[in-house]
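Below: the structure, in structure tokens.
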Amino acid sequence: MLFTNLKSAWRNLLRHPFSSVINITGLATGITCCIFIALYIVSELQADNMHAHRDAIFRVNYHNLESGRSTMPTAYPLGTVLQSAYGEVEKVLRMGQDNVSIRANQDAYFFEKDFYWADSTFFDIFGYKMLQGDPRTALQKPNSLVMTQDMAHKYFQDEDAIGKVVELKIYDGDRKFDFTVTGVVENPPHTASVQFEFLAPMSKALQVYPQFENFWGLQWVYTYVLASNPAAFQAKQAGTDTFFKKYTGDNAPNLALEFQPLNQIHLHSGHIDKNLSDGMNNIYVFAAIGVFIFLLACVNFVNLSTARAEERRKEIGVRKALGAFRQQLFAQFMLEALLTAAIVLVTSFVATTTLLPLANNYVDSTTIVLPTLTLPLAFLGIMLLIALFAGLYPAVFLSAFNPLEALKSRTSQVRGTSVSLRQVLVVFQFTISIALIAGTLIINKQVHYLKQADLGFTSDQLLTIPVDDRQMQKKLIAIRDFMATSPGIQGAAVSGESFPAQMNYAYRVSWDGLPADDARSMSIIAIDANYLKLLQANFLEGRNLSPDFMTDDSASVIINEAARQWMGGGEVVGKEIKLGTQKRTIVGVIKDIHHYSLHQKVAPIAYFPIPPGDRTCPDNIVLRVTASSLPAMLVSLKEKWETLTQDRPFEYHFVDQGFEETYAQEEKFLMLFQVFSALAIVIACLGLMGLSSFVVNKRSKEIGIRKVLGASVSQILLMLTRGFSWPIVIAFLVAAPVIYYGITPWLDTFAYHVGIDWLLIILAGLSAWGVAFAFIGIQSWKAARVNPVETLRDE
Numbered sequence: 002m003l004f005t006n007l008k009s010a011w012r013n014l015l016r017h018p019f020s021s022v023i024n025i026t027g028l029a030t031g032i033t034c035c036i037f038i039a040l041y042i043v044s045e046l047q048a049d050n051m052h053a054h055r056d057a058i059f060r061v062n063y064h065n066l067e068s069g070r071s072t073m074p075t076a077y078p079l080g081t082v083l084q085s086a087y088g089e090v091e092k093v094l095r096m097g098q099d100n101v102s103i104r105a106n107q108d109a110y111f112f113e114k115d116f117y118w119a120d121s122t123f124f125d126i127f128g129y130k131m132l133q134g135d136p137r138t139a140l141q142k143p144n145s146l147v148m149t150q151d152m153a154h155k156y157f158q159d160e161d162a163i164g165k166v167v168e169l170k171i172y173d174g175d176r177k178f179d180f181t182v183t184g185v186v187e188n189p190p191h192t193a194s195v196q197f198e199f200l201a202p203m204s205k206a207l208q209v210y211p212q213f214e215n216f217w218g219l220q221w222v223y224t225y226v227l228a229s230n231p232a233a234f235q236a237k238q239a240g241t242d243t244f245f246k247k248y249t250g251d252n253a254p255n256l257a258l259e260f261q262p263l264n265q266i267h268l269h270s271g272h273i274d275k276n277l278s279d280g281m282n283n284i285y286v287f288a289a290i291g292v293f294i295f296l297l298a299c300v301n302f303v304n305l306s307t308a309r310a311e312e313r314r315k316e317i318g319v320r321k322a323l324g325a326f327r328q329q330l331f332a333q334f335m336l337e338a339l340l341t342a343a344i345v346l347v348t349s350f351v352a353t354t355t356l357l358p359l360a361n362n363y364v365d366s367t368t369i370v371l372p373t374l375t376l377p378l379a380f381l382g383i384m385l386l387i388a389l390f391a392g393l394y395p396a397v398f399l400s401a402f403n404p405l406e407a408l409k410s411r412t413s414q415v416r417g418t419s420v421s422l423r424q425v426l427v428v429f430q431f432t433i434s435i436a437l438i439a440g441t442l443i444i445n446k447q448v449h450y451l452k453q454a455d456l457g458f459t460s461d462q463l464l465t466i467p468v469d470d471r472q473m474q475k476k477l478i479a480i481r482d483f484m485a486t487s488p489g490i491q492g493a494a495v496s497g498e499s500f501p502a503q504m505n506y507a508y509r510v511s512w513d514g515l516p517a518d519d520a521r522s523m524s525i526i527a528i529d530a531n532y533l534k535l536l537q538a539n540f541l542e543g544r545n546l547s548p549d550f551m552t553d554d555s556a557s558v559i560i561n562e563a564a565r566q567w568m569g570g571g572e573v574v575g576k577e578i579k580l581g582t583q584k585r586t587i588v589g590v591i592k593d594i595h596h597y598s599l600h601q602k603v604a605p606i607a608y609f610p611i612p613p614g615d616r617t618c619p620d621n622i623v624l625r626v627t628a629s630s631l632p633a634m635l636v637s638l639k640e641k642w643e644t645l646t647q648d649r650p651f652e653y654h655f656v657d658q659g660f661e662e663t664y665a666q667e668e669k670f671l672m673l674f675q676v677f678s679a680l681a682i683v684i685a686c687l688g689l690m691g692l693s694s695f696v697v698n699k700r701s702k703e704i705g706i707r708k709v710l711g712a713s714v715s716q717i718l719l720m721l722t723r724g725f726s727w728p729i730v731i732a733f734l735v736a737a738p739v740i741y742y743g744i745t746p747w748l749d750t751f752a753y754h755v756g757i758d759w760l761l762i763i764l765a766g767l768s769a770w771g772v773a774f775a776f777i778g779i780q781s782w783k784a785a786r787v788n789p790v791e792t793l794r795d796e
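Numbered according to the working numbering, the sequence shown terminates at residue 796, and the numbering increases by one at each position without gaps.
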């Protein structure tokens, strides 16, 4: 019996090739999209699953009680205090990033940014796989070095790296040390919260920077703890608002501690540093798109299956007249749905495995893999889900036909119900399509705005050269002037921040009228007198720094507009403020400069000269260049740099390119949104094409009669398309508020964003209507052009 039903289901698919192809193509496209979205979501949710203690690991952040935001870097003594203050803290790990130059075998130096000093507890807390070496002892000796497999290949090619000696030049001063490679670890996954390329013992860092061991004023390490009782440890976060006053005295900053679980770092860090959006928001968006695509594909199946009920009424009537029960017919139609689902899954599996490498190239933040062990069960579940969602209603609907009415062709009552349902489903399809089109247009407009927004300075042809050597920083002004003699240089300056800036440094600030207990901090950037002129910054009040004023280096400061508002507004030039321990007079106010992305509002910033030797002193040369002489200029700069140092490779960055890179996630999000939206619209159009073809074929005799009675092609075209226009109008009215309330939270993740443009929503509706009209119009035009003799000859 099963084989007979299966053979009948196969024959039915072959008997209606057009609708079968539409069904299978739509479902296969939808399921393939859903599989990719599901794989992406799973890989993101499992970002830190390689760590055995992941549920007991916390990163301890500083939480600003005034702004409600947190920062990751902390002071070194924090880890020591945590272990003594909280009994639940089993182990503490501090990781401090440093910029170093490394060379092996007397080869050229390579500048490495992902170098971290780390406590010896690193491998006790984290579960990164050690390929070579012993994780228990790899960071015990001060001159040990652990590197990733990519870095081992970079420096030693295919040789065994263990025991090899490399030379490190440390950022802070002209100090060089020999380190011995004691471990090679597997490359951290792209989604892992803790990324690194080199690890060296923190005990060595304290030899290099002994002044930081008990210093609370510099936030330079990431602090992690392994808790013996995670729930009890996290519960104590609520009482940390007095932590700093207890351990640092009356001048404590207005901070508390945040105990952030490791499994929340990757997707729930929108409140930390410069971030404004959680990665989880993207997960929700793509999960919603996946559900919508799946429902669209199922809607197509339901629409076409119920539409074909007219063609199968006599078959159903004959089966029932010969004794078939409704349950048997239901089973037959569900088997047809299962057969379609099986074909769809095979097609989707082939498409998924074929397109997987391409998907990994586009989504380079994660490596999507097919889970081999759970794959068969997952695909079986998907097949049953497709059959249930797409086949259940058609099976119930078709098996309910009355045999007498079916054989007499009287199915108007049932047909009337199905037409009403199909119209609701068409409205649903186009609501989703219009929402996705409008969403794509608005996201594209926001991304364009981010890249074209006024940053408060002229970023074109602006180039920065990092100078991370303390000895070179002592003569940075002379180096600036030396580099400026290269051809094509329009101007040169120095700065303590590059672009986009990290804004790592802040001073305690106070002024007359500010209450003594109001502890505030202001970001600072060390500059020279050329800097703001080179950026073409706009002065709102006062003047620039100038060599003509002898006190500018030691007693003057320029603030931005945000700082002026922060201080109460009004005229502030001539007002004295205290930055750290030094008093300075405000000599100018500039329009806000965006030193980092538009995700976050511009913070209050103070600009003033800081002499060499201070950790906050200028460490970047900024150049304005001429595009026409760029190649020769870069060659000249490199040659000049190599006369200054052989230890530090020449490195430069174009400011406009740096800002573009900060929006790489938004570009990727837009690209994925566009792809999935386009596929969702294609699926909707496939269903509409099949449905319009059925409607036109069903009304072919009516069209023939109308033509005989004198109807023109345009009148017939209007008649056929009018029935689909109202569902699209209703879909637009439903989609408009959905778009508004759906896209607003995403836009709010940016401090600066575009508004909701209703013209774009109207354009989305017109686009959906235009696409629908094209598909329906083609079918209708073909039918209107047929000779009525062809459709009426059997009457």
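Virtual Cβ for every residue (Gly too), placed ideally from N, Cα, C.
Original post:
Pick from V43, H54, N505, I591: whose alpha carbon is nearest that of T192?
Top reply: The shortest C-alpha separation from T192 is found at V43.
Original post:
How far does the beta strand (DSSP E) with F677 in it reach, from first residue to last?
Top reply: Run containing F677: none in the beta strand (DSSP E); it sits in the alpha helix (DSSP H), 665–699.
**OP:** Determine the direct distance from the alpha carbon of V347 to that of K699, and round the result to whole angstroms.
**Re:** Straight-line Cα distance between these residues: approximately 33 Å.
Original post:
So is S366 buried or exposed if we call it buried at 16+ other beta carbons inside 10 Å?
Top reply: Caution applies to S366, whose pLDDT of 47 falls short of 50 and renders its modelled position unreliable; the value that the coordinates give is listed next. Of the residues assessed, S366 falls on the exposed side of the cut-off, its CB having fewer than 16 other CB atoms within 10 angstroms.
**OP:** State yes or no: is the C-beta of Q133 within less than 9 Å of the C-beta of D161?
**Re:** In this structure, D161 lies closer than 9 Å to Q133 by Cβ.
Original post:
Excluding the five sequence neighbours on either side, which residues of its own chain have a C-beta within less than 8 Å of the C-beta of I23, listed in chain order?
Top reply: The beta carbon of I23 sits closer than 8 Å to those of N301, L305, L687, G688, M690, G691, all from its chain and outside the five residues before and after it, given in chain order.
Original post:
Among residues of its own chain, excluding the 5 on either side of T432, which ones have a beta-carbon nearer than 6 Å to its beta-carbon?
Top reply: A732, V735, A736, listed in sequence order.
Original post:
Does the region 233–250 come within contact of the region 94–104, defined as at least 3 CB pairs closer than 8 Å?
Top reply: Of all C-beta pairs linking the region 233–250 to the region 94–104, fewer than three are shorter than 8 Å, placing the two stretches out of contact.
Original post:
Looking only at its own chain, which residues have a Cβ that is under 6 Å from the Cβ of S229, when we skip the five neighbours before and after it?
Top reply: Around S229: E89, E91.
**OP:** Answer yes or no: do Y608 and N561 have a C-beta to C-beta separation smaller than 9 Å?
**Re:** The answer is yes: Cβ separation under 9 Å.
Original post:
CA-CA distance, T354 and T30?
Top reply: Spanning the two alpha carbons is a distance of roughly 14 Å.
Original post:
If you drop the 5 nearest sequence neighbours on each side, which residues of the same chain put their C-beta closer than 7 Å to that of D274?
Top reply: The answer, listed in chain order, is T72, M73.
Subject >> Per DSSP, cross-strand counterpart(s) of V90 >> reply: Per DSSP, the beta-bridge partners of V90 are A228.
Subject >> Buried or exposed (CB count within 10 angstroms, at least 16 for buried), G184 >> reply: Here G184 is buried: its Cβ has 16 or more other Cβ atoms, across all protein chains shown, within 10 Å.
Subject >> When G69, S637, I682, N264 are compared against G291, the one with the closest alpha-carbon >> reply: Checking every option, the nearest Cα to that of G291 belongs to I682.
Subject >> Alpha carbon of P516 to alpha carbon of R616, nearest angstrom >> reply: Looking at the two C-alpha atoms, the distance is approximately 29 Å.
Subject >> Host beta strand (DSSP E) of Q220 (start-end) >> reply: It is not in any beta strand (DSSP E) - Q220 carries neither H nor E in the DSSP assignment.
**OP:** Have a look at S499 and Q462 and give me their C-alpha separation to the nearest angstrom.
**Re:** For the pair S499 and Q462, the Cα-to-Cα distance works out to about 14 Å.
**OP:** Can you tell me which of the three DSSP states T582 falls into?
**Re:** Secondary structure at T582: coil, using DSSP grouped into helix, strand and coil.
**OP:** Mind listing, in chain order, the continuous beta strand (DSSP E) runs of no fewer than 3 residues lying wholly within the region 20–79?
**Re:** Secondary structure within the region 20–79: the beta strand (DSSP E) runs of 3 or more consecutive residues, fully enclosed, are 58–65 (chain order).
**OP:** Out of R481, V182, A563, Q666, point me to the one whose CA is closest to Q447's CA.
**Re:** If you compare the alpha carbons of R481, V182, A563, Q666 with that of Q447, the shortest gap goes to Q666.
Original post:
How many angstroms separate the CA atom of E337 from the CA atom of F751?
Top reply: A straight line joining the alpha-carbon of E337 with that of F751 spans about 49 Å.
Original post:
With C-beta atoms as the reference, is T798 less than 9 Å away from H654?
Top reply: Any property of residue 798 remains undetermined from this structure, which presents the chain solely from 2 to 796.
Original post:
Can you name the start and end residues of the alpha helix (DSSP H) that R786 belongs to?
Top reply: R786 -> alpha helix (DSSP H) spans 759–786.
Original post:
Span of the alpha helix (DSSP H) holding R565?
Top reply: R565 -> alpha helix (DSSP H) spans 562–567.
**OP:** Check Q238 in the structure and name its three-state DSSP category.
**Re:** Helix.
Original post:
From Y753, Y742, V730, I606, pick the residue whose C-alpha is nearest to that of E767; which is it?
Top reply: Residue 767 is actually Leu in this sequence, not Glu. Nearest of Y753, Y742, V730, I606 to L767, Cα basis: V730.
Original post:
Among the residues of its own chain, which have a CB less than 8 Å from the CB of Q141, if the five just before and after it don't count?
Top reply: A distance below 8 Å between beta-carbons, with the five flanking residues on each side excluded, links Q141 to the following residues of its chain, in chain order: S121, P202.
Original post:
For the candidate residues R625, S598, V82, whose alpha-carbon lies nearest to that of D455?
Top reply: The shortest CA-to-CA distance from D455 to any of R625, S598, V82 is the one to S598.
**OP:** Out of Y225, F116, Q430, A48, point me to the one whose CA is closest to W770's CA.
**Re:** For W770, the closest alpha carbon among the candidates Y225, F116, Q430, A48 is that of Q430.
Original post:
By a C-beta neighbour count over all protein chains shown, 10 Å radius and 16 as the cutoff for buried, is F197 buried or exposed?
Top reply: F197 is buried by the Cβ-count criterion.
Subject >> Length of the line joining the Cα atoms of C35 and V709 >> reply: Within the model, the alpha-carbon separation for C35 versus V709 is close to 49 Å.
**OP:** Please report the Cβ distance between T224 and G80, rounded to the nearest whole angstrom; I am assuming they are in contact, meaning their Cβ atoms lie under 8 Å.
**Re:** So it is a contact: roughly 5 Å between Cβ atoms.
**OP:** Go through its chain and collect everything with a Cβ distance to Q414's Cβ below 6 Å, but skip five positions before and after it.
**Re:** A caution first: Q414 carries a pLDDT of 43, below 50, which makes its placement in the model unreliable, though a value can still be read off. Nothing listed; no residue qualifies.
Original post:
Whose C-beta lies closer than 6 Å to the C-beta of W642 among residues of the same chain, with five residues either side of it excluded?
Top reply: Cβ within range, chain order: F651.
Original post:
In angstroms, rounded to a whole number, what distance separates the CA positions of I126 and L227?
Top reply: Distance between the alpha carbons of I126 and L227: 6 Å.
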